[in-house]
Amino acid sequence: MSSSGDESLRLCVFDLRRGQTEGQELDKILFFHPPELDPSSQLSVTGLSEGLITFTRLFSPEAACEVIEAENHSHVFLEAEPDIWMVMVVEKNKETGAVWRVDALRGMLREVHSLFVMFHGSVRALLEKESAVGFTRSLLYPFIKDYLSNLFVGKQLQLPNFRETTLSERGTVRMITLSRDTALEVQSLVQVLDSCAGNLRCHSMILFQDLLVSTTLSPDDTVNLFTFAVMRLTSQALSSDASSWSYRRKGTGSNSAAIGSIESLHSGNSDNMRHDHVIRPLQNGKWRKGKDGFLVTDIWGLETGGSPDSAIPTIWLQQSQERVYLLAYQYKSLTLLLLLPTTAIVNGDISVSAVKQQVIEQASLRIMKIEEKISRGWGGENAYHVKGYRYLVVDNDLEVSRASPSGKVATLAKESLLALNKLREEVDLEKSRGKRQERDLEICIRAKNNAWVIARVTRGKELYMALEKASDTLLDATDAVGRFSNRYCSEAFLMD
Amino acid sequence: MKEKNSTTTASTLGRILATCSKQAKDYGSCVASKVHEIEKDLCLKEFLALKSCMQHTRHLSALINMPSSSQTSVGSGALSHAYIQHPSLRCNVPDSRGLFYDDANRLLICATSTQVFSWETAPFNPDVSPSVDSIPEGPILSVRLSLDKKVIAVQRSDSEIQFFHRETKKTLTHKCRPGSESILGFFWSDSPLCDLAVVKTSGMDLFACDSAMNLRLVETKKVNVNWYIYTHESRLVLLASGLQCKTITGFQLSTAGVVRLPKFEMTLATTESNSKPIISAGDVHLITVYGRIYCLQVDREAMLFHTYRFYRDAVVQQGSLPIYSSKLSVSVVDNLLLVHQIDAKVVIIYDLFVDSRAPVSAPLPLLWRGYQGSDPSFQATNKENESSESSTSNENIVMYEDAWTFLVPDLILDQTNKVLWRVHLDLEAISASSSDRTSLLEFLQRRKLEANKAKQLCLGIARALILERRPATQVTQAIDVLVTAYSYSVKAGIYKELKNEKSTATPPTDGASPDNERRRASGSSIDDEEEEVEMNVPSGSADEQQESQLSSPAISPDELYKFVFASVEETMIEESDYLVAIITEFLRSISAEKLKVDLNIYVMTVRLLSRSKRFAELSLFITNKIIEPSKEVALQLLESGGQSLRVRKLGLDMLRQLSLHHEYISSLVQDGYYLEALRYAQKRKVTSVRSSLFLEAAFASNDMQHLAAILRVLSELIPGFKETSEYYTFHGLLNETSSSVAV
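Those protein sequence lines, which keep their order, are chains E and Z. Count the first sequence with the numbering used here and you get residues 1 to 496, in order. Count the second sequence with the numbering used here and you get residues 1 to 743, in order.
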């Protein structure tokens, strides 16, 4: 392959319905990373992928291939939308720590796609609206680039490897635990926010630091908006001004390199740029807190120019299938996201500034009180650390997860993590086999370093755990898991 | 009949408006000119002028057109907030020399030349018959019975008081030094120091009186006295001195002893025409509301009613009320101050509990109500009876005529007709005319006399607020009022049924020191009760207690749920979002007061949230325990889970957490997780679930391996399972299938 750029990652998005005639193959490529790779190399990746997809569809029409493990590379496939495929090719290398869990990588693909849909709508819809592929490309290129810019460590793009993905679950929300009276106060605030647009009920979401406090959105919408908020809007995201989206990567340096490469990409693909202004929702460092407590950005244009409402970010909600304005208000560690249906504003039923005024008048006092209450009750970064355990609990129904703090996970031995990573791969495989029926699963493995790695799946809930200091017997290890389940998972995981 | 009334009313109104066009114009222009700054009572003067004109005209029209005048009410129209009710207590005794009121014993006394008739006025019962005592003939200035009612004291002149023992018939005459001083009046006291106080122009003499009726002078308070006022409920005597009678010396003769209040001066405005106005005894009123003692004083030049509040060691002026009549009187009903503006023939009601001195409601006339109010036929017959049996016919009642005397606290004596009325409040009318629901609820929650009615009104208001879909903030305020009032009354111990709850309280009417002011504020019924104990006379509001059995209008959270939330759920079916918002605020309010509520409200919340498909919030409500876990909630979750598997799982989790093993296992099997269910049963040693449930589920899924496994586990789990017919049936089924497979 080409020697230019880094070879560790290839990422492409292509449409199987396009470029079916010979010589038109390039037409199907909607996105390719690295962009500077020559077209023939790009085509070789998509060509191989397409071939594999067509071939595997013969046997499994509904679910074509998910992954190909080559000797040095893994090819991860995701059919994001019907016939819109995303493929990621990563280099494997045990020595350098380039050990991947396929589901974690696919989770990234799913995440970037979900975020894209949240801001721009589905790729298919875009393609259908604009017969020329250029517009879709002009949106996808900066979007995925901006997304990947978070993964730069120095000048090097680094995908999150097993150290980061083993005890975490992408596509879930991390929630804060509240006392009942705080929860009631929060719910009361939510209702005030709901009614800030008069009779029109608007959705809201509240975060404390990078933890979810409350949401009125469906789990899917919640996850998407939560992911974006943690990436760009929370107090931490604003203060670091650089990528802190994956909180396991706190303190990574600035990523000017990434920004630079995006600028070059713009000029490089200028033929695709039919529209003067391309909105880049994931662009970094573009949000700041305004005087009135609301977050402002010029990503959607300048508030002074043209209709002021057009400068306000909008997102697409999957559940209600409507486009909404996104207003973000921040007080200390508390970030409030308010979603107003655009139709109502276009119809002139309400104005955004009036809603902002309402929030400030009706809610700011409560927000202050709640921020204080939550901060007082919150145990800090290690609030959810359980001594002796390194764990991850996932509730797939609510799309919520909770895990040991990253600092504590980092203390695990590489062997333990690798073993657990392997175990998770097994569980992922098992889960994908039994998709129709939720099934119970229980695996305990003794790793080479004598640590116990344990997986427990029951009716939509998953528990993963590494116990390095557990005693020798399996019985003791299961007891430890049982105690944990009884104490922290409301006995969800019954142990034999 | 109704129709007829309304047509006549319309024509009457037309005529009245024609006659009062000038006043109507004045009032209208006043309102119009101030329409931007309009607030209550801004154009009160103009309004009163118009009103009095209309009243006047109406009286004329009533004369012309007798049948149209309502028989059930005298006054103007039927709108009023306070009323007196038929029948009255008749105290018409032939050859009466005068009517007196003994406020300590709450006796109405009518004296003839040789006899004293006395009627109990508390509880107020129009049919009570008087007790009669004979006394020697002589002039009578006033009559008061001792607190044990054994001695009748009669003031004969300004220098002589006579005492008659009702049992021993002993007589005693007390005289003061004639010429140098004269007796202004006297009253009995229950202070430990003295039993009788005689107020003279030179001061006040305090006497002890033994059972043999020997008077012994205990103490003399030397003050120059022009006039004095005393009420037994406050145990407070105010002695007025000075040229303008505005220097007041006060004593409280309470059970704690005799306390001298600091001397104070009343406020009087002066004008050029009247540079030295003089206060008369009739201008000053002592009232007791919410266990606090106030003094009200008329300032005619300023057209103000000054209020003073008495503390143990201070007298503090508390602001002034405007007056609209040169003649005034006051009543106190259920801790509310009723100021009768006699010239204008209206009552203005004030609630001194709130800091604002704004009236509770607009000035309206006092109404005369017929027997039981609304049944016309009944009134008619009643009226006939009445006119045949007595000379006082209804038409003779003239509101606020000169011969009316206002007695402490809530009685009106009509000297002309020789009848006694009790003043009532119409809480319904007051609440109907009030637009600020929050303060109205606070007002109603302070009512004691008709606690039940106040409670019902509060519930009605709360329901109406929700049904009218008022903004959540408004409803929240209202709910907060009700919840805090309840919480407070529980803490104060008032909420329980009273009766056997005798005075845990401190000495009554002790000038309510500021620190225990709040306690007294809603516990003022304690005062009445204590009097009851001490004086061994039925007093206070005994009749109302019988009527309602309630001591407080406080509404418990359970009642709020039952009578407000549950009752509006059906009609608000389209407004679940709104209702959930209200319920959340209700729960917040309850949790802030650390109260508990009927768990059905949680069941209802689950129902509402799942009805509007707000599953995300529902799971937040559950995980944050806003909805407290219970079996009922769990079952509702399972039921609502028909629409969403997530919700059903929440219900299952709750069952498991509550250790409701039987329900948990049954629900698991129902969902097809029979293996998991059996595993759980095995682990928890639950044998109460029918074993056939598992077997049938496994058989239905056509998995013979599972069936065999279940049979084995059940045989281990349930002793003697192998002997049951169930085992046989399924074992047989298993053998059949396996053999057929084998074949």
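Just so it is clear, CB atoms sit at the ideal spot from N, CA and C, and this is done for glycine as well. None of the values given here were measured: they were computed from a predicted structure.
Span of the beta strand (DSSP E) around residue i
i, result
"H75 (chain E)", "H73 to E81"
"H340 (chain Z)", "L336 to Q341"
"H120 (chain E)", "Taken as a continuous stretch (DSSP letters only), H120 (chain E) belongs to no beta strand (DSSP E), being part of the alpha helix (DSSP H) at V102 to H120."
"R216 (chain Z)", "L215 to K222"
"D299 (chain Z)", "R292 to D299"
"H385 (chain E)", "From DSSP, H385 (chain E) is part of no beta strand (DSSP E); its letter is neither H nor E."
"P322 (chain Z)", "V315 to P322"
Selected residue, minimal CA-CA separation from residue i, among the options
i, options, result
"G319 (chain Z)", "Z:D313, Z:T267, Z:P363 and Z:S273", "Z:T267"
"I461 (chain Z)", "Z:R690, Z:L560 and Z:A197", "Z:L560"
"H33 (chain E)", "E:E22, E:V45 and E:D27", "E:V45"
"R648 (chain Z)", "Z:R656, Z:I590, Z:L638 and Z:L655", "Z:L638"
"E320 (chain E)", "E:R366, E:G388, E:L217 and E:Q283", "The sequence given here places Ser at residue 320 (chain E); Glu does not occur at that position. Looking at the Cα atoms, E:L217 is the closest of the given residues."
"L334 (chain E)", "E:K289, E:P341 and E:I345", "E:K289"
"E69 (chain E)", "E:S49, E:K387, E:G285 and E:S406", "E:S49"
"Y486 (chain Z)", "Z:E593, Z:A432, Z:Y101 and Z:T724", "Z:E593"
"R656 (chain Z)", "Z:G672, Z:Y674, Z:S640 and Z:Y680", "Z:Y680"
"G257 (chain Z)", "Z:R684, Z:G179, Z:Q115 and Z:P192", "Z:P192"
"L412 (chain E)", "E:M465, E:Y384 and E:F493", "E:M465"
"S149 (chain E)", "E:L392, E:W100, E:Q330 and E:L282", "E:L282"
"G282 (chain Z)", "Z:T271, Z:E272, Z:S275 and Z:V298", "Z:V298"
"L467 (chain Z)", "Z:E442, Z:T571, Z:Y400 and Z:L459", "Z:T571"
"Q643 (chain Z)", "Z:G672, Z:R607, Z:Y674 and Z:S659", "Z:R607"
"K327 (chain Z)", "Z:V316, Z:V347, Z:A554 and Z:L579", "Z:V347"
Under 7 Å by beta carbon: chain Z residues contacting residue i
i, result
"Q191 (chain E)", "A472, A581 and T584"
"Q187 (chain E)", "T584 and I626"
"R180 (chain E)", "S591, N624, K625 and I626"
"P219 (chain E)", "A616"
Strand pairing of residue i, partner residues [DSSP]
i, result
"P136 (chain Z)", "According to DSSP, which records beta bridges pairwise, P136 (chain Z) is partnered with nothing at all."
"I745 (chain Z)", "Missing from the structure shown is residue 745 (chain Z); chain Z here goes from 1 to 743 and no further."
"A328 (chain E)", "E:L337"
"M175 (chain E)", "E:L212"
"W368 (chain Z)", "Z:I84"
"K649 (chain Z)", "None, per the DSSP bridge assignment."
Integer Cβ distance of residue i from residue j, believed to fall under 8 Å
i, j, result
"W316 (chain E)", "V117 (chain E)", "7 Å"
"D210 (chain E)", "V230 (chain E)", "5 Å"
"P359 (chain Z)", "I349 (chain Z)", "6 Å"
"A464 (chain Z)", "L427 (chain Z)", "Not a contact, Cβ separation roughly 15 Å."
"M213 (chain Z)", "L253 (chain Z)", "The Cβ separation is near 20 Å, so there is no contact."
"F143 (chain E)", "R280 (chain E)", "7 Å"
"A480 (chain E)", "A447 (chain E)", "A480 (chain E) to A447 (chain E), Cβ: 15 Å. No contact."
"S364 (chain E)", "G293 (chain E)", "7 Å"
Neighbour flag for residue i against chain A, beta carbons, 8 Å
i, result
"L693 (chain Z)", "Included in the structure are the protein chains E and Z, with no chain A among them."
Cross-chain neighbours of residue i in chain Z, by beta carbon under 8 Å
i, result
"R137 (chain E)", "Those do not exist, as R137 (chain E) stays about 35 Å from chain Z at its closest Cβ, beyond 8 Å."
"L26 (chain E)", "Per Cβ cutoff of 8 Å: no residues; L26 (chain E) is ~43 Å from chain Z at best."
"G460 (chain E)", "K649"
Chain-ordered chain E contacts of residue i [CB-CB under 8 Å]
i, result
"Q657 (chain Z)", "S490 and E491"
"Y680 (chain Z)", "L494"
Boundaries (first-last residue) of the alpha helix (DSSP H) holding residue i
i, result
"C458 (chain Z)", "A451 to L467"
"I583 (chain Z)", "S576 to A592"
"D428 (chain E)", "K414 to R433"
"K356 (chain E)", "V352 to Q358"
"H232 (chain Z)", "Looking at the DSSP string, H232 (chain Z) is not in any alpha helix (DSSP H), and its letter there is neither H nor E."
"E91 (chain E)", "Note, E91 (chain E): premise wrong, no alpha helix (DSSP H); beta strand (DSSP E) at I84 to E91."
Residues that residue i contacts on chain Z, provided the C-beta gap is smaller than 9 Å
i, result
"Q567 (chain E)", "No statement about residue 567 (chain E) is possible, as the shown extent of chain E runs from 1 to 496 and does not include it."
Residues that residue i contacts on chain E, provided the C-beta gap is smaller than 7 Å
i, result
"S588 (chain Z)", "Before going further, note that residue 588 (chain Z) is Arg rather than Ser in the sequence given. Near R588 (chain Z) (Cβ distances below 7 Å), the residues of chain E are L184, E185 and S188."
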